[in-house]
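**Student:** Its first residue numbered 0, the sequence shown is counted upward by one per residue in numbering that gives the first Met the number 0.
My questions all concern the structure below.
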Amino acid sequence: MTSSYMRRALALAKRGLGHTSPNPMVGAVLVDNQGRIVAEGYHKKAGSAHAEAAALKKAGEKAHGTTLYVTLEPCNHTGRTPPCTDAIIKSGVQRVVVAAVDPNPYVAGGGVERLEAAGVEVLVGDGAEEAWELNRAFFTWSQRHRPWVTLKAAMTLDGKVASVNGQSKYLTSEAALQHAHELRRTHDAILVGSSTVLADNPSLTYRGSRNGHDPVRVVLDGRGRIPATSQVFQNQSHAPTLVFSSEDAPSSWERDIFSAGGEVVMVGRNPDGLLDLSEVLGYLADRHILSLLVEGGPTVHASFIQHQLADAWVGYLAPLILGGQSAPSPVAGPGFDLGTAPRLTMEDTRRLGPDIVYEARFHSVRNEDTDVYRTN
């Protein structure tokens, strides 16, 4: 069972959603020996004070003899900020309760070892499941060297993403659209295929009501089809646009994309003849992109699913029936039989105005070989 203090630390950490990447979201609470909260803090954005440092600064001398509840193992290395372990030791904190060990190789248990060597009692495992869920993108990036991948699709009740004549805009309500933009706000990058760019010419920017940033825009275009005049290259966003392509693309097209402000990245093809998504995800991980929102189309969705590179599915259901045998569904490709079809776990379902939004998970990134869930 997660303690009330750790639940508070987790709630604080969530305040950093959409702002801390490539760092994890972290919250910290200092508690005295009477069970009173002395100070608390959270990591607000990359480059700012870590949660532990923020709480310790607020507490001052009152930190001596306290217990620190923190959602992720304190760092033990110098980056843009000093090591949190040094600050904890110097402050006189008596005990540290950690939800999850940091899988980042720069930390990876080193923070716990440093504290224990200095005589600080350390307990690990309080709120481990919640801590993993909070930072699932960070754990996936650290353990698998790829972003957490969410597939997103809006469809009718009969599972169509467009009509037989290709109409697809505004299937769902304004409430669903705003929810989709919040997904963009909380993901580092957004990916579509070239067919989506050619059909819809989207800008792929965040247009929600909260203070947020545009995700990095990613397009898969193996043959160099999208024009340099596409909205994804216009100056309405400071977010870069990455176009993954192959040697099949004309060199003149590559120059045009570069001149328009885009970046072309060449990758290989998989046995199906499509761009190698493992290469794409590896490159994005190298760019410190921890989470990727895939907005299709159907061929792109199918490729991620077939190669077991999808972690979550977010679907929007509109109370509409389009019908039509040739009307597309959210997932194309050869399909699966019942014996090999991916089995998902439904995580959440709710109403958004007239529509329904649901989230399901393909699989967990938990790795039995890691020490993330070690308990004392």
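Glycine is no exception: its CB is placed at the ideal position from the N, C-alpha and C atoms.
Would the beta-carbon of F257 fall within 9 angstroms of that of V263?
**Tutor:** Yes; because the gap between Cβ atoms is below 9 angstroms, this pair is in contact.
**Student:** Which residue comes first and which comes last in the beta strand (DSSP E) that contains S290?
**Tutor:** That run of the beta strand (DSSP E) goes S290 to V293.
**Student:** Shortest alpha-carbon distance to P327 belongs to which of A179, R6, G158 and R145?
**Tutor:** Closest by alpha carbon: G158.
**Student:** How would you call P297, buried or exposed, if buried means at least 16 neighbouring beta carbons within 10 angstroms?
**Tutor:** P297 comes out buried.
**Student:** Across which residues does DSSP place L351 in a beta bridge pair?
**Tutor:** For L351, which the question treats as bridged, DSSP gives the partners D354.
**Student:** From the DSSP output, read off the bridge partner residues of K151.
**Tutor:** Looking at the DSSP assignment, K151 forms a beta bridge with V313.
**Student:** In this structure, what does DSSP give as the bridge partners for R268?
**Tutor:** Partner(s): L274.
**Student:** Tell me which residue opens and which closes the alpha helix (DSSP H) that V119 is part of.
**Tutor:** Here V119 belongs to no alpha helix (DSSP H), and DSSP marks it neither H nor E.
**Student:** Using the C-alpha atoms, what's the distance from M154 back to G59?
**Tutor:** Whole-angstrom Cα-Cα distance: 54 angstroms.
**Student:** Cα separation between W131 and T139?
**Tutor:** Looking at the two C-alpha atoms, the distance is approximately 10 angstroms.
**Student:** If contacts are defined as beta-carbon pairs under 8 angstroms, then R79 and Y41 qualify, I think. What distance do you get, rounded to the angstrom?
**Tutor:** R79 to Y41, Cβ: 17 angstroms. No contact.
**Student:** Is it buried or exposed, V364, if we count other Cβ atoms within 10 angstroms and call 16 or more buried?
**Tutor:** In this prediction, V364 has a pLDDT of 45, which is less than 50 and means its spatial position is unreliable; what the coordinates show is noted afterwards. Burial call: buried.
**Student:** Which of helix, strand or coil does DSSP assign to L337?
**Tutor:** Coil, per DSSP.
**Student:** CA-CA distance, A175 and E72?
**Tutor:** If you take the alpha carbons of A175 and E72, they lie about 37 angstroms apart.
**Student:** Taking the alpha helix (DSSP H) that V299 falls in, what are its first and last residues?
**Tutor:** Note, V299: alpha helix (DSSP H), P297 to Q305.
**Student:** With DSSP as the reference, label Y205 as helix, strand or coil.
**Tutor:** Residue state, collapsed to three classes: coil.
**Student:** Give me whichever residues DSSP pairs with E51 in a beta bridge.
**Tutor:** None; E51 has no bridge partner.
**Student:** With 16 as the cutoff for other CB atoms within 10 Å, does N164 come out buried or exposed?
**Tutor:** Looking at its Cβ environment, which holds fewer than 16 other Cβ atoms inside 10 Å, N164 is exposed.
**Student:** Would F303 be called buried (16 or more neighbouring beta carbons within 10 Å of its own) or exposed?
**Tutor:** Buried is the call here.
**Student:** At which residue ranges does the region 73–116 contain complete alpha helix (DSSP H) runs of 4 or more residues, listed in the order of the chain?
**Tutor:** Segments of the alpha helix (DSSP H) lying fully in the region 73–116: 83–90 and 109–116.
**Student:** Around the Cβ of Q324, are there at least 16 other Cβ atoms within 10 angstroms (buried) or fewer (exposed)?
**Tutor:** Flag for Q324 reads exposed.
**Student:** Taking a contact to mean a Cβ-Cβ separation below 9 angstroms, would you say P21 touches D187 in this structure?
**Tutor:** Their beta carbons are under 9 angstroms apart, which means P21 touches D187 by this criterion.
**Student:** Please classify V371 as buried or exposed, where buried requires at least 16 other C-beta atoms within 10 Å of its C-beta.
**Tutor:** Bear in mind that a pLDDT of 49 at V371, under 50, signals an unreliable position, so the model cannot answer this.
**Student:** Should V356 be listed as close to the ligand PLP, given that the test is whether its C-beta is under 8 angstroms from any heavy atom?
**Tutor:** This structure simply doesn't include the ligand PLP, nor any ligand for that matter.
**Student:** Using a Cβ-Cβ cut-off of 7 angstroms (strictly less than) and excluding sequence neighbours within five positions of T374, which residues of its own chain qualify?
**Tutor:** At T374 the pLDDT is 38, less than 50, meaning the model places this residue with poor confidence and gives no usable figure here.
**Student:** What are the start and end residues of the beta strand (DSSP E) that includes L11?
**Tutor:** No beta strand (DSSP E) holds L11; the alpha helix (DSSP H) holding it covers S3 to A12.
**Student:** Name the DSSP bridge partner or partners of A359?
**Tutor:** Paired residues: W312 and M345.
**Student:** Less than 9 angstroms separating the beta-carbons of L321 and S162?
**Tutor:** Yes, the Cβ-Cβ distance between L321 and S162 is below 9 angstroms.
**Student:** What is the DSSP secondary structure of I225, counted as helix, strand or coil?
**Tutor:** Coil at I225, not helix or strand.
**Student:** Starting from A174 and walking both ways along the beta strand (DSSP E), at which residues does that stretch end?
**Tutor:** A174 -> not in any beta strand (DSSP E); alpha helix (DSSP H) instead, spanning E173 to R184.
**Student:** Which residues bound the alpha helix (DSSP H) around V196?
**Tutor:** Per DSSP, V196 belongs to the alpha helix (DSSP H) from S193 to D199.
**Student:** Select from H306, V231 and E253 the residue whose C-alpha is nearest the C-alpha of A340.
**Tutor:** The shortest C-alpha separation from A340 is found at H306.
**Student:** Distance check for T77 and V95, CA to CA, integer angstroms please.
**Tutor:** In a straight line, the C-alpha of V95 is about 20 angstroms away from that of T77.
**Student:** Of the residues Q230, G352, V215 and N210, which one's Cα is nearest the Cα of A198?
**Tutor:** Selected option, being the one with the closest Cα: Q230.
**Student:** Specify, as a first and last residue, the run of the alpha helix (DSSP H) that S20 falls within.
**Tutor:** First-last for S20: undefined, no H or E at that position.
**Student:** Please say whether L219 and V191 have beta carbons closer to each other than 9 angstroms?
**Tutor:** Against a cut-off of 9 angstroms, the Cβ pair of L219 and V191 comes out as a contact.
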